[in-house]
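K.L.:
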Amino acid sequence: MSTETVAYENVGIPDGKLALWLFLASEIMLFGTLFTSYIILRTAAPAWPVGWEVLNVPLATLNTFILIASSVTIVTAHSRVQKRDQKGFSAFMALTVLLSFGFLIVKAVEYGVKFSHGIFPSTNIFYSIYFVMTGLHGLHVIVGIAWNLGLMWWAKNGGWDDKLFEGRVEYAGLYWHFVDVVWIFLFPALYLL
Amino acid sequence: MSEHGHELSFTEKYIFSVDHKVIGLQYMITSFIFLLIGFTMILIMRWQLAFPGTVIPIFGKLLPATFAPGGILGPTGYNQMGAMHGTIMVFLGIVPLAVGAFGNYVMPIQIGAPDMAFPRMNMLSYWVYLPGGILMLSSFLMPGGAAQSGWTSYPPLSVINPGQTVWLLSMVFLITSSLLGSMNFIVTVLNLRAPGMTLWRMPLFCWSQFVTAFILLLAFPPLEAAAILQLSDRVLHTSFFMPDGLVVAGQAAQYAGGGAVLLYQHLFWFLAHPEVYVLILPPFGIISEIIATNTRKPLFGYKEMVYAMMSIAAMSFLVWAHHMFLSGMSPALSNFFLITTMIISVPSVALLTCLILSLKGASIRFTTPMLFALSFLPMFGIGGLTGLPLGLTVTDIYLHDTYYVIGHFHYVVVTGSLMGLFGGVYHWFPKMFGRKMDDCLGKIHFWGSVIAMNGILMPMLVIGLQGQSRRLFDPTAQLHNLIGQPMHVLSTISAIALMLFQIPFIYNFFNSMFRGELVDSNPWKATTLDWDCPSPPPHGNFAKVPRVYRGPYEYSHPDHNEDWLPQSREHAEAAR
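Respectively, the protein sequence lines represent chains A and B.
For what it's worth, the numbering used here labels the leading residue of the first sequence as 24, then goes sequentially.
For what it's worth, the numbering used here labels the leading residue of the second sequence as 25, then goes sequentially.
#1: Closer than 8 angstroms by C-beta to residue 423 of chain B: which residues in its own chain qualify, once you throw out the five before and the five after it? Chain order, please.
#2: Does residue 459 of chain B come out as helix, strand or coil in the three-state DSSP assignment?
#3: From residue 204 of chain A to residue 123 of chain A, what distance separates their C-alpha atoms?
#4: Rounded to whole angstroms, what is the Cα-Cα separation between residue 444 of chain B and residue 220 of chain B?
#5: Please determine, among B:233, B:71 and B:63, the residue with the shortest C-alpha to C-alpha distance to residue 114 of chain B.
#6: Touching or not, the stretch 68 to 81 of chain A and the stretch 31 to 44 of chain B, by the rule of three or more beta carbon pairs under 8 angstroms?
#7: Buried or exposed: which applies to residue 464 of chain B, given that a residue is buried once 16 or more other Cβ atoms fall within 10 Å of its Cβ?
#8: Does residue 142 of chain B have its Cβ less than 8 angstroms from a Cβ in chain A?
#9: Between the stretch 261 to 287 of chain B and chain A, which residues of the former have a C-beta closer than 7 angstroms to a C-beta of the latter?
#10: Should the stretch 327 to 342 of chain B be called in touch with the stretch 384 to 394 of chain B, which here means at least 3 C-beta pairs below 8 angstroms?
#11: Can you tell me where the alpha helix (DSSP H) with residue 144 of chain B in it begins and where it stops?
#12: Does chain A have any CB closer than 8 angstroms to the CB of residue 256 of chain B?
#13: Enumerate, from N- to C-terminal direction, the unbroken alpha helix (DSSP H) stretches of 4 or more residues contained entirely within the stretch 115 to 201 of chain A.
#14: According to a CB-to-CB cut-off of less than 9 angstroms, which residues of the stretch 147 to 159 of chain A neighbour chain B?
#15: Just to confirm, are residue 76 of chain B and residue 498 of chain B a CB contact at a threshold of 8 angstroms?
#16: Can you look up residue 258 of chain B in the DSSP assignment and give me helix, strand or coil?
#17: To the nearest angstrom, report how far apart residue 133 of chain A and residue 154 of chain A are at their CA atoms.
#18: Would you kindly report the start and end of the unbroken alpha helix (DSSP H) that includes residue 361 of chain B?
#19: What's the call for residue 34 of chain A, buried or exposed, on a 16-neighbour Cβ count within 10 Å?
#20: What residue from A:214, A:165, A:191 and A:166 has the CA that sits closest to residue 177 of chain A's CA?
#21: Can you give me the Cβ contacts of residue 196 of chain A inside the same chain, cut-off strictly under 7 angstroms, excluding the 5 residues immediately before and after it?
#22: Using the rule of at least 16 other Cβ atoms within 10 Å of the residue's Cβ for burial, across every protein chain shown, is residue 162 of chain B buried or exposed?
#23: Three-state secondary structure (DSSP) at residue 71 of chain A?
#24: When the Cα of residue 124 of chain B is compared with those of B:84, B:587 and B:303, which residue comes out closest?
#25: Are the C-beta of residue 180 of chain A and some C-beta of chain B separated by less than 8 angstroms?
#26: Return the CA-CA distance between residue 388 of chain B and residue 321 of chain B, expressed in angstroms with no decimal places.
#27: Please work out which residues of its chain come closer than 7 angstroms, Cβ to Cβ, to residue 407 of chain B, disregarding the five sequence neighbours upstream and downstream, and give them in chain order.
#28: Could you give the residue range of the alpha helix (DSSP H) that holds residue 539 of chain B?
#29: Would you mind stating whether residue 132 of chain B and residue 54 of chain B have Cβ atoms separated by less than 8 angstroms?
#30: Scan the stretch 203 to 233 of chain B for residues whose Cβ lies nearer than 7 angstroms to a Cβ of chain A and list them as they occur along the chain.
#31: Any chance you could list the alpha helix (DSSP H) runs of at least 4 consecutive residues sitting entirely within the stretch 44 to 95 of chain B, in chain order?
#32: If you measure from the beta carbon of residue 180 of chain B to each beta carbon in chain A, is any gap under 8 angstroms?
#33: Starting from residue 293 of chain B and walking both ways along the alpha helix (DSSP H), at which residues does that stretch end?
#34: If you run the structure through DSSP and keep just helix, strand and coil, what is residue 579 of chain B?
#35: Please classify residue 448 of chain B as buried or exposed, where buried requires at least 16 neighbouring CB atoms within 10 angstroms.
#36: Is there contact between the stretch 589 to 600 of chain B and the stretch 231 to 243 of chain B, where contact requires at least three CB pairs shorter than 8 angstroms?
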């Protein structure tokens with residue numbers, strides 16, 4: 024491969040960002056399918072439990088705030104990178120990860136209470152949907168935590184001065200906002216409607 | 025990445041390589057092996073269909089007793105092979121060959137890129153695909169055997185039958201692999217074209233890969249969702265696809281109920297219909313290249329073909345339920361899908377027509393790849409036309425789930441896609457190894473295959489019109505099916521012949537790799553950038569980044585002294 028810099032024909036969006044948006048498009052198809060399945064199963068059902076009567080709305084509201092707060096902190100972390108403030112970045116990224124763990128803990132408490140009452144995914148179709156959709160979302164939260172921890176590790180090990188670093192933080196932020204948005208849809212669909 | 029400096033170790037060079045060409049060849053070899061395995065399965069099944077209850081020659085002794093007691097295929101074994109044949113051929117054979125192998129190898133060099141946009145992701149996509157494939161095959165060894173609910177895996181049967189869990193897990197691997205691949209392809213096409221290679225100067229093969237990548241990207245996630253839901257039905261005993269009051273073997277099923285069986289069919293076909301276009305668009309791209317090269321004239325309607333591909337891709341998301349006309353779906357919906365199905369046939373015919381018109385007035389070179397491309401046109405035509413009665417609700421009521429469907433689908437995928445892909449192998453083999461494949465063996469392979477394929481598939485259309493169901497284990501069990509039995513025999517004998525005619529191909533492939541006729545970098549005198557780099561291309565492909573000055577098919581240019589004007593040539597040289 025030649026080392027000369029060549030302007031390849033491009034669309035003006037960095038490779039990584041393009042790939043991330045494509046990935047998010049496929050994620051939208053994935054969650055879109057699950058939401059569609061939810062609508063179809065619900066409209067076909069003769070009776071459907073009311074979300075707020077069987078699920079813990081206060082805890083879920085708390086979780087909603089936690090996730091939104093974590094979205095704010097990851098944006099701040101990104102702007103700290105732009106301002107070349109490594110300490111600020113580390114602090115806000117750590118806060119993001121902490122909030123994400125908080126979300127998972129609250130979720131685990133919710134699950135635990137359900138299990139202790141003998142309620143499992145197999146109980147009925149409502150809980151099937153509840154557990155599978157929130158579970159899949161939780162899996163995305165875990166991936167986000169790993170991603171953000173990876174960025175923190177990389178910042179300390181040479182990544183901070185890498186010219187790709189800012190972009191990677193931005194991509195992590197985009198992904199994290201997506202995870203956030205999915206929850207914004209899940210919360211009313213499962214708990215409030 | 026290490027382009028310079030140290031020698032790559034064997035592992036880096038041939039196994040965990042990040043070079044798109046090595047990955048392409050890995051995909052090619054692997055998918056050919058899977059195609060061979062899938063084909064062997066269908067031979068065993070076809071033996072049972074033609075000569076039910078007799079001992080299978082050769083394979084009968086090798087199969088385990090649970091599968092084929094006394095060398096005679098049992099119904100469970102038949103079902104397992106049926107499900108696995110479809111799955112392997114579609115997800116592990118044709119798609120990886122069309123997209124993973126040709127897309128990976130040819131697309132970057134055709135747009136003048138040094139590699140894919142994300143080489144390591146490219147490697148990862150192969151190394152997710154391979155374990156997925158091995159996992160799929162290993163399901164035969166699991167207690168209860170492999171999946172046995174068809175490649176469609178309709179619940180509730182698939183939720184109850186053994187073997188399905190491994191199938192679903194393997195599908196998650198394969199979906200991940202194709203997701204990684206499609207992201208990579210789209211970014212490469214958008215951001216890594218050589219200077220001057222505008223989108224409207226891309227060869228049709230690149231367009232076909234680009235469009236296909238969008239289909240893969242957006243159509244696979246719904247199947248992933250369906251697989252997740254079915255997996256949770258099996259493992260967590262949820263009841264997404266398990267309806268109320270389900271009775272299995274005389275006992276109430278242990279499920280809460282409330283699920284929708286039809287929901288799965290919708291989710292599955294939402295992927296699986298676009299998937300058909302994933303199977304056919306890359307071969308369309310391949311034969312466009314072959315036809316342009318061997319007719320020595322520009323393709324008829326390059327832009328029309330690109331637009332046709334795009335509209336096929338868009339429309340392919342709106343036709344899925346034509347597979348479900350008889351599922352008890354609302355007739356209003358059936359009408360909608362009938363109309364969209366008729367609409368999507370328009371761009372498909374446009375593609376075919378452009379290619380046929382490209383032949384008009386040409387002095388055709390009947391090279392081996394060209395023979396495959398030429399046979400593609402009428403054979404895909406048969407495949408497409410036999411599809412129309414299935415897309416019309418009235419005729420579909422009679423034909424649904426008969427051998428006619430099998431015949432139609434295989435005309436599209438075997439005589440269509442597979443022949444196009446074979447043509448691609450002969451066409452790009454000189455690029456891959458710097459040597460040509462043997463012409464005589466190639467022609468034996470071609471004529472043998474095309475005749476044998478028709479011998480397999482034409483009888484299926486006939487049996488189907490007689491009304492024989494596609495899923496019978498023993499067609500002689502019903503009196504009214506006996507009339508079709510000679511057709512089954514003809515089909516089976518042709519299938520064996522088809523297997524025999526692959527021997528020249530396999531021999532030719534490996535023999536020519538080392539002993540084929542040495543050729544220069546552009547043996548076909550073609551115009552696209554892939555013929556500008558050395559054969560085989562080195563790591564990084566081009567010594568100097570090529571510059572593109574014109575569209576892809578400038579053959580017989582009046583101002584040029586040769587009958588091909590490469591994309592990278594700045595000026596036409598005056599004819600003498």
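Ideal Cβ placement from N, Cα and C applies to all residues, glycine included.
Just so it is clear, the structure is predicted and the values come from calculations on it, not from any experiment.
P.N.:
This is what the structure holds:
#1: Counting from 1 along the second sequence, the entry for residue 423 of chain B is found at position 399. Cβ neighbours of residue 423 of chain B beyond the five flanking positions: 413, 414, 429, 488 and 489.
#2: For the purposes of this step, residue 459 of chain B is taken as residue 435 along the second sequence, with counting starting at 1. Residue 459 of chain B carries a strand assignment under DSSP once its states are collapsed to helix, strand and coil.
#3: Counted from its first residue, the first sequence places residue 204 of chain A at position 181. Counted from its first residue, the first sequence places residue 123 of chain A at position 100. Between the alpha carbons of residue 204 of chain A and residue 123 of chain A lies a distance of about 14 angstroms.
#4: In the second sequence, counting from the first residue as 1, residue 444 of chain B sits at position 420. In the second sequence, counting from the first residue as 1, residue 220 of chain B sits at position 196. The straight-line gap from Cα to Cα measures roughly 29 angstroms.
#5: One-based indexing of the second sequence puts residue 114 of chain B at position 90. Per the C-alpha coordinates, the member of B:233, B:71 and B:63 positioned closest to residue 114 of chain B is B:63.
#6: Contact fails: fewer than three Cβ-Cβ distances are below 8 angstroms.
#7: In the second sequence, the residue the question calls residue 464 of chain B occupies position 440. By the neighbour-count criterion, in which 16 or more other beta carbons inside 10 Å mark a residue as buried, residue 464 of chain B falls on the exposed side.
#8: Within the second sequence, residue 142 of chain B is the residue found at index 118, counting from 1. Cβ-Cβ to chain A under 8 angstroms: yes for residue 142 of chain B.
#9: Correct list: 261, 262, 263, 264, 280, 282, 283, 284 and 287.
#10: By the C-beta criterion, the stretch 327 to 342 of chain B is judged not to be in contact with the stretch 384 to 394 of chain B, since fewer than 3 inter-stretch pairs fall below 8 angstroms.
#11: Here the question's residue 144 of chain B lines up with position 120 in the second sequence. Run containing residue 144 of chain B: 143 to 162, per the alpha helix (DSSP H) assignment.
#12: Position 232 of the second sequence, counting from 1, holds the residue named residue 256 of chain B. Interface residue, yes.
#13: For the stretch 115 to 201 of chain A, whole alpha helix (DSSP H) runs of length 4 or above, ordered along the chain, are 148 to 177.
#14: Within the stretch 147 to 159 of chain A, the residues whose Cβ lies closer than 9 angstroms to some Cβ of chain B are 147, 148, 149, 150, 151, 152, 154, 155, 158 and 159, listed in chain order.
#15: The residue labelled residue 76 of chain B in the question sits at position 52 within the second sequence. The residue labelled residue 498 of chain B in the question sits at position 474 within the second sequence. Going by C-beta atoms, residue 76 of chain B is nearer than 8 angstroms to residue 498 of chain B.
#16: Numbered from 1 along the second sequence, position 234 holds the residue referred to as residue 258 of chain B. Correct three-state label for residue 258 of chain B: helix.
#17: Taking the first sequence and counting its residues from 1, the one referred to as residue 133 of chain A is at position 110. Taking the first sequence and counting its residues from 1, the one referred to as residue 154 of chain A is at position 131. Between residue 133 of chain A and residue 154 of chain A, the alpha-carbon positions lie close to 11 angstroms from each other.
#18: In the second sequence, residue 361 of chain B corresponds to position 337, counting from 1. Per DSSP, residue 361 of chain B belongs to the alpha helix (DSSP H) from 355 to 382.
#19: As a working note, residue 34 of chain A is residue 11 in the first sequence. Taking a 10 Å sphere around the C-beta of residue 34 of chain A, we find fewer than 16 other C-beta atoms and assign the residue as exposed.
#20: Position 154 of the first sequence, counting from 1, holds the residue named residue 177 of chain A. The residue with the shortest Cα to Cα distance from residue 177 of chain A is A:191.
#21: Taking the first residue of the first sequence as 1, we reach residue 196 of chain A at position 173. Taken in chain order, the residues that qualify are 97, 98 and 101.
#22: As a first step, residue 162 of chain B is located in the second sequence; it is residue number 138 there, counting from the start. Exposed, because fewer than 16 other Cβ atoms sit within 10 Å of the Cβ of residue 162 of chain B.
#23: In the first sequence, the residue the question calls residue 71 of chain A occupies position 48. Looking at residue 71 of chain A - three-state DSSP - the assignment turns out to be coil, as it is neither helix nor strand.
#24: For this step, residue 124 of chain B is matched to residue 100 along the second sequence. B:303 is the residue among B:84, B:587 and B:303 whose C-alpha sits nearest the C-alpha of residue 124 of chain B.
#25: Taking the first residue of the first sequence as position 1, residue 180 of chain A is located at position 157. Taking Cβ atoms only, chain B never reaches closer than 8 angstroms to residue 180 of chain A, which makes this a no.
#26: Counting from one through the second sequence, the residue named residue 388 of chain B turns up at place 364. Counting from one through the second sequence, the residue named residue 321 of chain B turns up at place 297. Approximately 10 angstroms between the Cα atoms of the pair.
#27: Position 383 of the second sequence, counting from 1, holds the residue named residue 407 of chain B. Cβ within range, chain order: 432, 435, 436, 439 and 440.
#28: The residue given as residue 539 of chain B occupies position 515 in the second sequence. Its alpha helix (DSSP H) spans residues 509 to 539.
#29: In the second sequence, residue 132 of chain B corresponds to position 108, counting from 1. In the second sequence, residue 54 of chain B corresponds to position 30, counting from 1. Here residue 132 of chain B is not near residue 54 of chain B, since their CB atoms are 8 angstroms or more apart.
#30: Within the stretch 203 to 233 of chain B, those residues whose Cβ lies closer than 7 angstroms to any Cβ of chain A are, in chain order, 203, 207, 210, 211, 214, 215, 216, 217, 218, 219, 221 and 222.
#31: The alpha helix (DSSP H) runs lying completely inside the stretch 44 to 95 of chain B and spanning 4 residues or more are 44 to 74 and 83 to 86, given in chain order.
#32: Here residue 180 of chain B corresponds to residue number 156 of the second sequence, with the count starting at 1. Taking 8 angstroms as the CB threshold, residue 180 of chain B stays off the interface with chain A.
#33: Translated into the one-based positions of the second sequence, residue 293 of chain B becomes position 269. Element bounds for residue 293 of chain B: 285 to 319.
#34: If you number the second sequence from 1, residue 579 of chain B lands on position 555. In the structure shown, residue 579 of chain B sits in a strand (DSSP, three-state: E or B).
#35: Within the second sequence, residue 448 of chain B is the residue found at index 424, counting from 1. With 16 or more other CB atoms across the displayed protein chains lying within 10 angstroms of its CB, residue 448 of chain B is buried.
#36: As far as the Cβ criterion goes, the stretch 589 to 600 of chain B does not touch the stretch 231 to 243 of chain B, which means the pair count is below three.
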